[in-house]
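For the sequence shown, the numbering used here assigns the number 166 to the last residue and increments by one with no breaks.
Following: one structure in structure tokens, then a few remarks.
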Amino acid sequence: CMSYGLSSGEGLIYRVRDPVFKLQQIKGGGEPSVVVDEGVKDKRLCVIEHEFVDVLQVCSRPGNTLSGRLRRGWDGGPLGIMTKNSPYTATDPHIGIIGHITPQELVRALSANDTENGFGNRFLWTYSEKSKDLPRGGSLPPDALDDIRRRIAVAAGCIDWGPSGKPEGIPWECEAGEIWDAFYLG
-19 CMSYGLSSGE GLIYRVRDPV FKLQQIKGGG EPSVVVDEGV KDKRLCVIEH EFVDVLQVCS
41 RPGNTLSGRL RRGWDGGPLG IMTKNSPYTA TDPHIGIIGH ITPQELVRAL SANDTENGFG
101 NRFLWTYSEK SKDLPRGGSL PPDALDDIRR RIAVAAGCID WGPSGKPEGI PWECEAGEIW
161 DAFYLG
């Protein structure tokens, strides 16, 4: 459930929307509801923004609802915008955003309003930089991680170590194997 391109609160809600029902008049009376839009079954959404400055600029446009919907979603409330033509809502969405931005861009693009209304403090800001210049990448000897692999496998207690000293598979627990066999064989 990964996406990119945050541009409006309405677009965000649409990606995690609930089903939409419409009442229809039928002959002889009654108003049964009919599904007009199935909605989205999986309410998880991970948005990756390689240029997070674009999102901040969109949020600062007059009339854009993205900042408010992101804040509301972070607070755990249902998302919705009362419009005639787009009455979508989203209950219980789980939205995560991964954004990339330089410190200089962040300082320039995060408005005073975004810091005052709580938009900025709904993100976990981290800073990282390289520790070395490795123009062709680093390299590890082929067996450098063997000890760590072995310790994890011993702690997990579930890896078959073959004669080569390398992991050769994860064995089935007896009961799990029987359940799988019954399911697979129908």
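By construction, the Cβ of each residue, glycine as well, lies at the ideal position given by its N, Cα and C atoms.
Q. With a cut-off of 8 Å, do at least 3 Cβ pairs link the region 53 to 64 to the region 106 to 124?
A. no
Q.
Measuring alpha carbon to alpha carbon, tell me which residue in L(-14), G(-15), D127, R(-5) is nearest K23.
A. R(-5)
Q: Please work out which residues of its chain come closer than 7 Å, Cβ to Cβ, to D127, disregarding the five sequence neighbours upstream and downstream, and give them in chain order.
A: none
Q) From what residue to what residue does the alpha helix (DSSP H) around F1 run? A) Per DSSP, F1 belongs to no alpha helix (DSSP H); it is in the beta strand (DSSP E), 0 to 3.
Q: Spell out a yes or no on whether the region -3 to 5 and the region 31 to 50 are touching, meaning 3 or more CB-CB pairs, one atom from each, closer than 8 Å.
A: no
(Q) By the DSSP assignment, the alpha helix (DSSP H) with G76 in it spans what residues? (A) In the DSSP assignment, G76 falls outside any alpha helix (DSSP H) and lies within the beta strand (DSSP E) extending over 74 to 79.
Q. Helix, strand or coil for C39 per DSSP?
A. In the structure shown, C39 sits in a helix (DSSP, three-state: H, G or I).
Q) Buried or exposed: which applies to R49, given that a residue is buried once 16 or more other Cβ atoms fall within 10 Å of its Cβ? A) buried
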